[in-house]
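A.B. asks: The structure under discussion is supplied below as structure tokens; questions concerning it will follow.
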Amino acid sequence: MLAIGEFSRLTHLSVKTLRRYHEAGLLVPAAVDRATGYRSYDGHQIPTAQVIHRLRELDVPLADVRRIIESGDPDRRAALVSDHLARLEAELDRTRSAVVSLRRLLDPDPVPLSVELRAVPVTTVAAIEDDVDGDSVAAWFAGALAELDAAIGTRTGPPGGVYDNSLFEEGRGHVLLHLPSADPPRRGRVRPVTLPAVELAVATHVGPHDDSDITYGELGSWVVANALAVAGPVRETYLVGPADDPDPAAWRTEIGWPIFRMT
7 MLAIGEFSRL
17 THLSVKTLRR
27 YHEAGLLVPA
37 AVDRATGYRS
47 YDGHQIPTAQ
57 VIHRLRELDV
67 PLADVRRIIE
77 SGDPDRRAAL
87 VSDHLARLEA
97 ELDRTRSAVV
107 SLRRLLDPDP
117 VPLSVELRAV
127 PVTTVAAIED
137 DVDGDSVAAW
147 FAGALAELDA
157 AIGTRTGPPG
167 GVYDNSLFEE
177 GRGHVLLHLP
187 SADPPRRGRV
197 RPVTLPAVEL
207 AVATHVGPHD
217 DSDITYGELG
227 SWVVANALAV
237 AGPVRETYLV
247 GPADDPDPAA
257 WRTEIGWPIF
267 RMT
């Protein structure tokens, strides 16, 4: 039997941490003296303590640590650890994206945004549309694009989206995703839709969609300085996306801001 101090030195878990794990039922001492309350540990508990230590270093929540420790199924334990590692990797990706965005925002000599004025004619497309919550747009987009691809077959051009202003202002709005088609079908949610002619100020966002708000901001500033903004919905065209290249750095998204030309 090992006193709590000895066990602490062997496992590199502080006495305070060991007491907290005991109170949480995560690492219960082999014996507790009823008179003094002194905790004693068995040498066989050292590997368990080391596993807990590593899991906590990975910020695994205590409830998940308990499930991993108590599970007698190796596959179940591996799945729990893998799920948490996947969450950590996703968080790391978000952190890296935020760092890149901050560096771009704080750059004292930013590269000027290239903006093109474009007259887009009336166009009939194959489309899926719905009212969508802002938090659900990515999932809705993926499902709608898969359904459009199944209905159209071979693409003849890049997909595009039309986003109602209320989606940005209120967190919920009308979204329309479309693909070019010479003869748009009616299948499932897919319908022919005629998009009206529009004048756009167009800029290309390079990279993942998570920081497209920066390009939106730069384009909006350009519009304020150079054109008359119109209240119509924003249009996006996905020149290069996940289906074309798995590397987010290669993605290219055109953002079209509705305007009225003053000259």
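Positions in the sequence shown are counted from 1; adding 6 to them yields the numbering used here. Each residue gets a CB set at the ideal place from its N, CA and C atoms; glycine is no exception.
From this set, Val196, Val126, Ser77, which residue's C-alpha is nearest aspartate 136's C-alpha?
C.D. replies: Looking at the Cα atoms, Val196 is the closest of the given residues.
A.B. asks: Taking only runs of the alpha helix (DSSP H) that begin and end inside the region 167-229, which ones reach a length of at least 4 residues, in chain order?
C.D. replies: The region 167-229 contains these whole alpha helix (DSSP H) runs: 171-176.
A.B. asks: Determine the direct distance from the alpha carbon of leucine 225 to that of valine 121, and round the result to whole angstroms.
C.D. replies: For valine 121 and leucine 225, the distance between alpha carbons rounds to 8 Å.
A.B. asks: Do the CB positions of alanine 233 and threonine 221 come within less than 7 Å of each other?
C.D. replies: Contact: no.
A.B. asks: Could you give the residue range of the beta strand (DSSP E) that holds threonine 243?
C.D. replies: Note, threonine 243: beta strand (DSSP E), 240-246.
A.B. asks: By alpha-carbon positions, which one of Ala249, Leu112, Ala237 ends up nearest to phenylalanine 266?
C.D. replies: Comparing Cα positions, the closest option is Ala237.
A.B. asks: Of the choices Leu245, Gly11, Ala133, Arg102, whose alpha-carbon is the least far from that of proline 191?
C.D. replies: When only C-alpha atoms are compared, the closest one is Ala133.
A.B. asks: Span of the alpha helix (DSSP H) holding tryptophan 146?
C.D. replies: Per DSSP, tryptophan 146 belongs to the alpha helix (DSSP H) from 143-158.
A.B. asks: Going by DSSP in three states, aspartate 70 sits in which element: helix, strand or coil?
C.D. replies: Helix at aspartate 70.
A.B. asks: Counting pairs of Cβ atoms below 8 Å between the region 12-29 and the region 45-52, do you hit three or more?
C.D. replies: Taking 8 Å as the limit for Cβ pairs, the verdict is that the region 45-52 does touch the region 12-29.
A.B. asks: Drop a sphere of 10 angstroms on the beta-carbon of aspartate 189, count the other beta-carbons inside from all chains shown, and report buried for 16 or more, exposed for fewer.
C.D. replies: By the neighbour-count rule (16 or more Cβ atoms within 10 Å), aspartate 189 is not buried but exposed.
A.B. asks: Mind checking whether glutamate 242 and glycine 149 have CB atoms under 7 Å apart?
C.D. replies: No. Outside cutoff.
A.B. asks: Near threonine 200, what residues of its chain come up, given a Cβ to Cβ distance below 6 Å and the 5 sequence neighbours on each side ignored?
C.D. replies: Excluding residues within five positions, the ones whose Cβ falls inside 6 Å are Thr130.
A.B. asks: Please report the Cβ distance between proline 35 and arginine 26, rounded to the nearest whole angstrom; I am assuming they are in contact, meaning their Cβ atoms lie under 8 Å.
C.D. replies: Proline 35 to arginine 26, Cβ: 13 Å. No contact.
A.B. asks: Helix, strand or coil for lysine 46, going by three-state DSSP, please let me know.
C.D. replies: Contrary to the premise, residue 46 reads as serine rather than lysine in this sequence. Strand, per DSSP.
A.B. asks: Cutting at 6 Å between CB atoms, please list the residues of its own chain near histidine 90, excluding the five before and the five after it.
C.D. replies: Hits under 6 Å: Val66.
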